[in-house]
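Data first, discussion second: the structure below is written as structure tokens.
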Amino acid sequence: MKKPASPTRPRNAASPRWSGRRWSSSAPWTNGSRPTCGSNSSSSNLWAVIPIEHPVTIPLSSPRNAAITAPPPKRQVEQSKPLPRQEPPWHVILLDDNEHTFRYVVEMLEDIFGHSIETGFKMAEEVHENGRVIVATVHKELAELRQQQIHEYKPRQPYGDCKGQMRSVIEPSE
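Each residue of the sequence shown is one higher than the last, beginning at 16 in this note's numbering.
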């Protein structure tokens, strides 16, 4: 038994019919040519090809609840005000004295700055030869904190020939 035609859409020879799987052979483009917008065809209900701006993705994880999603359009970022100028980094400089041993310096650099024993020993040699060594380059607040930690450092075990704390200064790197 055939289903009656829809009362809102009359059937005629110019309108394509859906047979459930494909368009019927009476569709206007069955001769191999597809209509486009603005064609001079006598039929008024031709389909138009519309380009898709964004790729469409269909998640395959849940076919019943699948949703069609498109990525959001890209926004142009407007920079309303310039970024604040960053302060230059500061050097923490360890100064030489004849009161502290290499062992004390290496232990202090390991505890405060996290340097390895090898790096600490190289810095201890440099401060002994040159009188100063840059032990860190950081922002000003951290440089001040590290300088305070050097001045207040107490070794894990007391060294008999080390008196007081080492001296250090901070200077801008530029």
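All residues carry an ideal CB built from backbone N, CA and C; glycine is no exception.
In this text, all values refer to a predicted model and were calculated from it rather than measured experimentally.
With a CB to CB cut of under 6 Å and the five nearest residues on each side skipped, what residues in its chain are close to residue i?
{"i": "Ile149", "result": "His106 and Ile108"}
{"i": "Pro10", "result": "Past the edges of the chain, shown from 16 to 189, lies residue 10, and the structure says nothing about it."}
Quick one: using the 10 Å Cβ neighbour count with 16 as the cut-off for buried, is residue i buried or exposed?
{"i": "Leu124", "result": "buried"}
{"i": "Lys169", "result": "exposed"}
{"i": "Ile11", "result": "Because the chain is modelled from 16 through 189, residue 11 falls outside the range shown and cannot be assessed."}
{"i": "Ser183", "result": "buried"}
{"i": "Glu122", "result": "buried"}
{"i": "Arg171", "result": "exposed"}
{"i": "Gln162", "result": "buried"}
{"i": "Gly135", "result": "buried"}
My assumption, with CB atoms under 8 Å, is that residue i sits in contact with residue j. Please give the rounded CB distance.
{"i": "His130", "j": "Met181", "result": "Between Met181 and His130 the Cβ distance is about 14 Å, and since that is not below 8 Å, they are no contact."}
{"i": "Ile185", "j": "Ala158", "result": "4 Å"}
Where does residue i sit, in a helix, a strand or coil, going by DSSP?
{"i": "His166", "result": "helix"}
{"i": "Glu189", "result": "coil"}
Closer than 8 Å by C-beta to residue i: which residues in its own chain qualify, once you throw out the five before and the five after it? Chain order, please.
{"i": "Leu110", "result": "Val142, Gly146, Arg147, Met181, Arg182, Ser183 and Val184"}
Starting from the N-terminal side, write out each stretch of the alpha helix (DSSP H) that is 4 residues or longer and does not extend beyond the segment 119–146.
The qualifying runs are 132–145.
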